[in-house]
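Novice: Following this message is one structure expressed as structure tokens.
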Ligand SMILES: [Zn+2]
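Residue numbers (our numbering): 242 to 363.
Here it is in structure tokens:
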């Protein structure tokens with residue numbers, strides 16, 4: 242934290258604005274169990290990569306997530322896990338189940354977690 246915060250309402254509004262989108266909430270739920278590749282979000286959410294990237298940029302600007310590149314893949318992870326307390330509170334307000342299932346692994350997804358790279362013999 243960077244010293245005394247004089248603009249607390251603005252800071253909080255930034256967080257709530259970042260959360261106020263169904264696809265961004267779906268992305269954060271996907272990241273509950275660890276980092277995921279952009280291509281996995283694409284395959285799971287059924288949205289184009291450009292659209293997913295746009296939503297990821299907003300979450301990153303709000304300093305909720307960060308990314309790392311690994312070869313051809315870009316992985317995102319949550320750096321403010323407290324964010325899930327807010328999402329869980331919103332679920333409670335809506336009388337929704339509190340448990341979010343872990344991401345589904347699918348053969349059709351090209352991400353390293355769904356389709357582990359098999360060593361190719363030369
Ligand atoms: Zn995948």
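Beta carbons are placed, not taken as given, at the ideal position from N, Cα and C, and that holds for glycine.
Could you have a look at residue 310 and say whether DSSP puts it in helix, strand or coil?
Specialist: Here residue 310 sits in strand by DSSP.
Novice: List, from N- to C-terminal side, the beta strand (DSSP E) runs of 3 residues or more that fit wholly inside the region 303-357.
Specialist: Counting whole runs of 3 or more residues, the region 303-357 contains the beta strand (DSSP E) stretches 306-311, 314-319.
Novice: For residue 328, which residues from the same chain have a beta carbon less than 8 Å from its beta carbon, with the 5 sequence-adjacent residues on both sides left out?
Specialist: Contacts found: 260, 266, 269, 270.
Novice: State the DSSP-derived secondary structure class of residue 277, mapped to helix, strand or coil.
Specialist: The answer is strand: DSSP assigns residue 277 an E or B state.
Novice: Within a Cβ cutoff of 8 Å, which residues of the same chain sit near residue 320, ignoring the five residues on either side of it in sequence?
Specialist: Taken in chain order, the residues that qualify are 304, 305, 306, 307.
Novice: Since residue 283 and residue 344 should fall inside the 8 Å C-beta cutoff, what is the C-beta to C-beta distance between them, to a whole number of angstroms?
Specialist: Going by Cβ atoms, the distance from residue 283 to residue 344 rounds to 13 Å, so no, they are not a contact pair.
Novice: Please state whether the Cβ-Cβ distance between residue 293 and residue 279 is less than 9 Å.
Specialist: Yes, Cβ-Cβ distance for residue 293 and residue 279 is below 9 Å.
Novice: Just jot down, in chain order, the residues whose CB lies closer than 6 Å to any heavy atom of ligand 1.
Specialist: Answer in sequence order: 281, 284, 350, 352, 354, 355.
Novice: Quick one: what does DSSP say residue 265 is sitting in, helix, strand or coil?
Specialist: DSSP places residue 265 in helix when its eight states are reduced to three.
Novice: Where does residue 288 sit, in a helix, a strand or coil, going by DSSP?
Specialist: Residue 288 falls in the coil class under three-state DSSP.
Novice: Hey, residue 325 and residue 297: beta-carbon distance below 9 Å or not?
Specialist: Not in contact: residue 325 and residue 297 (Cβ atoms no closer than 9 Å).
Novice: Can you give the Cα-Cα distance for residue 335 and residue 249, rounded to whole angstroms?
Specialist: If you take the alpha carbons of residue 335 and residue 249, they lie about 26 Å apart.
Novice: Verify the CB distance criterion: does residue 323 have a CB-CB separation below 9 Å to chain D?
Specialist: Judged by its chain identifiers, the structure shown contains no chain D, having just a single protein chain.
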